[in-house]
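J.:
Number of protein chains: 2
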Amino acid sequence: MNIGQVAERTGLPPKTIRYYEEIGLIRPMRGDNGYRHFSERDAHNLAFLGRARSLGFTIEECRVLLALYADKGRASADVKRLVQDHLAQIDAKIAELHEMRATLSDLVDACAGDHRPDCPILRGLAGEQGRAGDADESPMKVR
Amino acid sequence: MNIGQVAERTGLPPKTIRYYEEIGLIRPMRGDNGYRHFSERDAHNLAFLGRARSLGFTIEECRVLLALYADKGRASADVKRLVQDHLAQIDAKIAELHEMRATLSDLVDACAGDHRPDCPILRGLAGEQGRAGDADESPMKVR
DNA sequence: CCTTGACCTTCCCGTAACTGGAACCCCTAT
DNA sequence: ATAGGGGTTCCAGTTACGGGAAGGTCAAGG
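Note that the protein sequences, when read in sequence, are chains P and Z. Following the working numbering, the residues of the first sequence are numbered contiguously, the last one being 143. Following the working numbering, the residues of the second sequence are numbered contiguously, the last one being 1143.
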């Protein structure tokens, strides 16, 4: 297979596939004309990489996953631990985004969103603590 | 104020502050010795930037927010729209992470995590659809 | 007066994971 | 011969900084 065909089959852009070769994730053969030639196994590994990447694994994690995949004597515990760590990262990211979301949502709700210049969002970002009389206004939460 | 003081006050590293000047987010004065001198207003704007960044706004969004903040004739609707768009991005990101989480969680649950090499996680990443007999095994979801 | 140490300056490189584009080669069909 | 649709390499840009080198500045102490 040429790069175009494997790109179509895996859904990865040719550029990405070349990049993966450059960083040593795959090692396709070369024809006499200099073209890359991809085996079924190459295509399979690229599809594996595509799925791993779409699940948020970094390239280096993918490298490890691929090595474990190739190692028929691996312990599934090693794979599981890696994925659990990744899961923890994702949970942390989700929590962070939820916090942002909550703050932003409060700000948006407080903003009239009309032609007038007065804007609680900007006041919040500016660190304003609320004027006397706004008893329920609390400082904006930021990490 | 020198850069160290404003860094301490805003919580932003000096490197970041220099970077913000480089890309034109702030324009501190300079002393005869070449040192940056930060006004109260500079410090205030940097704190504003720090909060906006911590809420996930990109630098370019921060640039717009800062301009709106400075524009006393702005319409709060412009601010609100920007923040709502950002909120939508965050929601999209959260949804994406939840999908990853669900898939990864299923894979982790299916993996024994022991000394044996058999690993449903790797089989899932490899695109395996499940063997005959595993009636409930469905193809892994990926975007 | 000199030195020391903390602070400041600029400049350049590196990060993650690609994407876009230029310049050029290869193969097939007309 | 040429046109097109592949392929190739290499270079630059992206985001938002962080690390580190080489060197100027300032205040305090001996």
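Where is the CB? At the ideal position from N, CA and C, for every residue including glycine.
#1: Alpha carbon to alpha carbon, how far is I1121 (chain Z) from K72 (chain P)?
#2: Under the DSSP definition of a beta bridge, which residues are partnered with H37 (chain P)?
#3: Using a Cβ-Cβ cutoff of less than 6 Å, which residues in the same chain neighbour A1047 (chain Z) once the five nearest sequence positions on both sides are dropped?
#4: In three-state DSSP terms, what is H1086 (chain Z)?
#5: Going by DSSP, what residue range makes up the alpha helix (DSSP H) through C1062 (chain Z)?
#6: Over the uninterrupted alpha helix (DSSP H) stretch that includes Q5 (chain P), give me the two end residues.
#7: Hey, quick one: how far does the alpha helix (DSSP H) through G124 (chain P) stretch, first residue to last?
#8: Compute the beta-carbon to beta-carbon distance between F1028 (chain Z) and E1021 (chain Z), rounded to the nearest angstrom, for a pair I have assumed lies under 8 Å.
#9: Please report whether the beta-carbon of M1100 (chain Z) lies at a distance below 7 Å from any beta-carbon of chain P.
#10: Which of the three DSSP states, helix, strand or coil, is assigned to P14 (chain P)?
#11: Please report the distance separating the alpha-carbon of H1044 (chain Z) from that of A126 (chain P).
T.: With the given structure in hand:
#1: 14 Å
#2: P:M29
#3: T1010
#4: helix
#5: I1059 to A1070
#6: I3 to T10
#7: P120 to L125
#8: The sequence given here places Pro at residue 1028 (chain Z); Phe does not occur at that position. Between E1021 (chain Z) and P1028 (chain Z) the Cβ distance is about 6 Å, and since that is below 8 Å, they are a contact.
#9: yes
#10: helix
#11: 7 Å
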